[in-house]
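FYI, the numbering for the first sequence is 288 to 868, going by this note's numbering.
Everything below concerns the one structure shown next.
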Amino acid sequence: MSETNTLHAAFAGHVSSALDALEAAGALPAGLNRAAITVEPPRDPSHGDLATNAAMVLAKPAGMKPRDLAEGLVAELAKLPQVTGAEIAGPGFINLRLSREAWLAELRGIATTGADYGRSAVGGGTTVNIEYVSANPTGPMHMGHCRGAVVGDALAALLEFSGHKVVREYYVNDAGGQVDVLARSVHLRYREALGEDIGEIPEGLYPGAYLAPTGHRLATHYGSKFVDAPESDWLVLFRKEAVADMMAMIREDLGLLGIHHDIFSSEAELQAAGKPAEAEAWLRERDLVYDGMLEAPKGKTPEDWEPVELPLFRSTKFGDDQDRPIKKSDGSWTYFGADLAYHYQKAQSADALVDIWGADHAGTVKRIKAAVAAMTGAEGEAIPFEVKLVQMVQLLRDGEPVKMSKRAGTFITLADVVREVGKDVVRFTMLTRKPEAQMDFDFAKVVEASKDNPVFYVQYCHARVSSTLRKAAAEGLGPSGADLELLEEEELELVKLAAQFPRIVEAAAAAREPHRIAFFLHDLAAAFHAYWNLGNDRPEKRFIVVQNGKLTGARLFLATQIGQLVRNGLALLGVEAVEEM
RNA sequence: GCGCCCGUAGCUCAGUUGGAUAGAGCACGAGCCUUCUAAGCUUGGGGCCGCAGGUUCGAAUCCUGCCGGGCGCGCCA
Numbered sequence: 288m289s290e291t292n293t294l295h296a297a298f299a300g301h302v303s304s305a306l307d308a309l310e311a312a313g314a315l316p317a318g319l320n321r322a323a324i325t326v327e328p329p330r331d332p333s334h335g336d337l338a339t340n341a342a343m344v345l346a347k348p349a350g351m352k353p354r355d356l357a358e359g360l361v362a363e364l365a366k367l368p369q370v371t372g373a374e375i376a377g378p379g380f381i382n383l384r385l386s387r388e389a390w391l392a393e394l395r396g397i398a399t400t401g402a403d404y405g406r407s408a409v410g411g412g413t414t415v416n417i418e419y420v421s422a423n424p425t426g427p428m429h430m431g432h433c434r435g436a437v438v439g440d441a442l443a444a445l446l447e448f449s450g451h452k453v454v455r456e457y458y459v460n461d462a463g464g465q466v467d468v469l470a471r472s473v474h475l476r477y478r479e480a481l482g483e484d485i486g487e488i489p490e491g492l493y494p495g496a497y498l499a500p501t502g503h504r505l506a507t508h509y510g511s512k513f514v515d516a517p518e519s520d521w522l523v524l525f526r527k528e529a530v531a532d533m534m535a536m537i538r539e540d541l542g543l544l545g546i547h548h549d550i551f552s553s554e555a556e557l558q559a560a561g562k563p564a565e566a567e568a569w570l571r572e573r574d575l576v577y578d579g580m581l582e583a584p585k586g587k588t589p590e591d592w593e594p595v596e597l598p599l600f601r602s603t604k605f606g607d608d609q610d611r612p613i614k615k616s617d618g619s620w621t622y623f624g625a626d627l628a629y630h631y632q633k634a635q636s637a638d639a640l641v642d643i644w645g646a647d648h649a650g651t652v653k654r655i656k657a658a659v660a661a662m663t664g665a666e667g668e669a670i671p672f673e674v675k676l677v678q679m680v681q682l683l684r685d686g687e688p689v690k691m692s693k694r695a696g697t698f699i700t701l702a703d704v705v706r707e708v709g710k711d712v713v714r715f716t717m718l719t720r721k722p723e724a725q726m727d728f729d730f731a732k733v734v735e736a737s738k739d740n741p742v743f744y745v746q747y748c749h750a751r752v753s754s755t756l757r758k759a760a761a762e763g764l765g766p767s768g769a770d771l772e773l774l775e776e777e778e779l780e781l782v783k784l785a786a787q788f789p790r791i792v793e794a795a796a797a798a799r800e801p802h803r804i805a806f807f808l809h810d811l812a813a814a815f816h817a818y819w820n821l822g823n824d825r826p827e828k829r830f831i832v833v834q835n836g837k838l839t840g841a842r843l844f845l846a847t848q849i850g851q852l853v854r855n856g857l858a859l860l861g862v863e864a865v866e867e868m
């Protein structure tokens with residue numbers, strides 16, 4: 288792993304060193320908590336290139352006035368060769384201006400590090416397990432699964448880029464009642480394959496035609512031996528076979544999006560291995576599971592409510608609203624009972640856990656967080672665990688909601704959408720909104736070739752760089768880092784924006800928010816296009832100025848690095864950059 | 001009834017995890033271009049960051065309580 292010492296990272300270090308110097312000189316008490324100190328570009332560019340709040344953050348614990356502290360810091364920071372201006376502003380900000388050479392050096396740094404620009408070691412090599420998709424193995428993936436799949440996958444790439452080991456995991460819910468339904472549905476298709484007229488698929492079974500091949504396969508393999516056999520003879524077998532086929536289909540769907548998990552964990556195998564039972568015993572020893580009665584749900588009082596004694600996990604002890612059953616009255620495990628053991632298993636081989644769930648499961652976040660806290664926090668700190676909820680996507684066609692009905696067979700699958708608009712459009716679009724906000728996916732808009740469409744806008748930026756380089760090559764010109772001092776103010780602004788990429792990546796990784804990368808790319812593209820447009824009216828501002836080879840070389844060098852940055856960002860999102868449009 | 005998410009320009013949304021005078025696109029207004037640097041450009045107006053308190057040097061951001069919208073809520077997955 289190549290660690291990039293980027294300009295922003297360097298300045299965080301410089302501020303820290305300056306504080307060390309003040310401490311050594313006795314001008315600042317030692318051992319103050321510096322966690323809240325930031326070094327970042329101010330919103331208002333007139334305030335300079337970088338600003339730090341260090342003086343304000345430390346003033347109180349140091350028992351000093353912010354300005355006094357700031358003066359000492361300014362004196363230290365002004366010694367740095369890259370700093371051309373350091374001043375105290377507002378309530379105690381320190382604003383720094385950096386030399387042209389400092390920015391040009393960063394531009395060269397992008398060229399040197401290339402595809403690794405933005406990569407960092409902030410993750411410290413810790414292992415993060417990300418569980419995403421985990422769609423029930425009862426049919427092909429539909430658009431409801433798509434967003435979580437993309438967000439999870441982009442997050443995985445982002446965390447890897449930021450110095451984490453990442454495990455991409457899929458939890459296969461192959462043990463519950465819905466896979467029994469699946470098995471029965473397949474049994475019907477099996478009979479169908481043997482020539483029986485099965486008529487209309489009964490209510491309560493999966494009607495999808497995608498089950499027919501499985502039925503046919505079983506018919507070929509087993510003949511008619513299960514046609515009239517009791518369910519107990521075939522249920523387990525049919526369940527297993529059907530799940531295997533469904534998972535093959537789901538993997539294929541995921542492959543269309545470029546998504547490949549490292550681990551597929553089976554709920555059924557987990558149960559067969561006795562993991563939930565182990566967890567229960569462990570929890571009972573600590574009085575975290577007890578036999579008790581659930582209260583009737585409040586608000587709506589169902590007539591069929593009957594209190595039953597069940598083994599309950601004390602999730603209320605960890606912030607949940609109610610204790611939760613881990614077993615049903617028939618003795619089988621609840622989803623939660625198995626999921627609890629599953630999370631414990633994941634925690635064994637990871638330093639942190641992330642789950643990406645659909646918003647419809649929001650109600651169960653507290654209990655699983657409670658479970659992880661209880662099971663991993665028994666001795667020492669509980670493992671860091673986050674559940675990221677992604678909101679639903681509404682499909683639109685020319686502004687009209689696409690009507691879907693599973694029964695009518697008109698639901699749109701993920702494969703349909705990828706086929707229609709392409710993997711890259713799907714992936715990028717899914718990241719153009721923060722995950723916790725609902726989003727519309729309009730088939731017409733996502734493929735529109737206009738600046739209203741962020742996918743196009745960002746790709747166009749990359750294509751423009753490529754076409755410019757092609758055109759220059761035809762003129763015998765190419766990028767060169769030899770005369771970068773010829774770059775002017777407008778070009779330098781572009782460099783300053785580009786140089787923010789590493790901190791955007793770092794912040795996005797820390798917040799587990801890959802969509803920030805997409806927004807940064809859009810900003811970068813906007814700045815690039817704006818610069819490009821200067822050349823419309825002023826030919827001397829174009830990238831290619833034939834009569835000035837040195838200037839052209841410098842500008843092409845800049846363009847090359849912008850293109851590199853777009854590729855780096857898109858790579859994190861799992862989107863391929865295009866050479867032409 | 002309870003829980004979670006959301007509420008930012010007319011619309012769709014960002015907002016660097018507490019920073020300075022809150023941003024972008026669309027739409028609207030005004031100019032420009034008639035081109036191959038093509039899938040337009042420049043520029044302007046537009047805000048009680050849902051409301052009210054609180055925390056502190058400082059709040060769109062954190063806390064509390066309301067209002068409004070969405071989702072969920074039993075041993076389903």
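We put the CB at the ideal spot given by N, CA and C, even for glycine.
Since we're looking at a predicted model, the values are computed, not measured.
Check: Might you give, ordered along the chain, the residues of its own chain that have their beta carbon closer than 6 angstroms to the beta carbon of THR847, omitting 5 neighbours on each side?; Outcome: PRO766
Check: Using the three-state DSSP reduction, which class does GLU327 fall into: helix, strand or coil?; Outcome: strand
Check: Grab me the residues of ALA342's own chain with a C-beta within less than 7 angstroms of its C-beta, minus the 5 sequence neighbours each way, in chain order.; Outcome: PRO353, LEU356, ALA357, LEU360, GLY379, ILE381
Check: Skipping 5 residues on each side, what residues in its chain have a beta carbon closer than 6 angstroms to that of ALA841?; Outcome: ASP770, LEU771, LEU773, LEU774
Check: Mind checking which residues open and close the beta strand (DSSP E) that includes ALA373?; Outcome: 370 to 376
Check: Does TRP592 pass the burial test, meaning 16 or more other C-beta atoms within 10 Å, or should it be called exposed?; Outcome: exposed
Check: Measuring CA to CA, which of PHE806, ALA760, GLU776 is closest to THR839?; Outcome: ALA760
Check: What does the Cβ neighbour count give for ASP642, buried or exposed, with the cut at 16 atoms within 10 Å?; Outcome: buried
Check: Are the beta-carbon atoms belonging to ALA443 and LEU557 less than 8 angstroms from one another?; Outcome: no
Check: Using alpha carbons as the reference points, say which of ALA813, ARG790, VAL466, PHE815 lies closest to ARG803.; Outcome: ARG790
Check: Thinking C-beta only, is PRO332 closer than 8 angstroms to ALA338?; Outcome: no
Check: In angstroms with no decimal places, state the Cα-to-Cα distance between LYS721 and GLU800.; Outcome: 8 angstroms
Check: Tell whether a beta-carbon distance below 8 angstroms holds between GLY412 and LYS366.; Outcome: no
Check: Would you report the Cα separation of GLY510 and MET868, rounded to the nearest angstrom?; Outcome: 54 angstroms
Check: Please work out which residues of its chain come closer than 6 angstroms, Cβ to Cβ, to LEU280, disregarding the five sequence neighbours upstream and downstream, and give them in chain order.; Outcome: Lying before the first or after the last residue shown, residue 280 is absent from the chain, which here runs from 288 to 868.
Check: Taking its Cβ as the centre, do 16 or more other Cβ atoms sit within 10 Å of GLU421, making it buried, or is it exposed?; Outcome: Checking the sequence shown, residue 421 turns out to be Ser, not Glu. That one is buried.
Check: Should ILE550 go down as buried or exposed, given a rule of 16 or more other Cβ atoms within 10 Å for buried?; Outcome: exposed
Check: So the beta strand (DSSP E) ILE417 belongs to, where does it begin and stop?; Outcome: 414 to 418
Check: List the DSSP bridge partners of LYS614.; Outcome: TRP620
Check: For the stretch 696 to 712 against the stretch 525 to 544, are there 3 or more C-beta pairs whose distance is under 8 angstroms?; Outcome: yes
Check: If you reduce the DSSP assignment to three classes, tell me which class TYR404 lands in.; Outcome: coil
Check: Between which residues of its own chain and LEU784 is the CB-CB distance below 8 angstroms, once the five residues before and five after are set aside?; Outcome: ASP810, LEU811, ALA814
Check: For the beta strand (DSSP E) that GLN681 lies in, which residues bound it at each end?; Outcome: 680 to 684
Check: Check ARG395 in the structure and name its three-state DSSP category.; Outcome: helix
Check: In three-state DSSP terms, what is ASP727?; Outcome: strand
Check: Please name the residue in SER449, SER519, PRO424 whose C-alpha comes closest to that of ALA796.; Outcome: SER449
Check: Evaluate SER636 with the Cβ neighbour count: other Cβ atoms within 10 Å of its Cβ, from every protein chain shown; 16 or more gives buried, anything less gives exposed.; Outcome: exposed
Check: Does DSSP put TRP592 in a helix, a strand or coil?; Outcome: coil
Check: May I ask you to verify whether the stretch 462 to 476 touches the stretch 750 to 760, counting CB pairs closer than 8 angstroms and requiring at least 3?; Outcome: no
Check: My output table needs one value for SER449: the three-state DSSP class, helix, strand or coil.; Outcome: coil
Check: Given a cut-off of 8 angstroms, decide if VAL733 and VAL742 are closer than it, judged by their beta-carbon atoms.; Outcome: yes
Check: Taking only the alpha-carbon atoms, compute the straight-line gap between THR400 and SER602 and give it to the nearest angstrom.; Outcome: 48 angstroms
Check: DSSP has PHE600 in a bridge; who is on the other side?; Outcome: VAL576, ARG611
Check: Using the beta-carbon count (16 or more within 10 Å), is GLU487 buried or exposed?; Outcome: exposed
Check: In this structure, does DSSP put PRO688 in helix, strand or coil?; Outcome: strand
Check: Would you tell me roughly how many angstroms separate the C-alpha atoms of MET679 and LEU701, rounded to the nearest one?; Outcome: 14 angstroms
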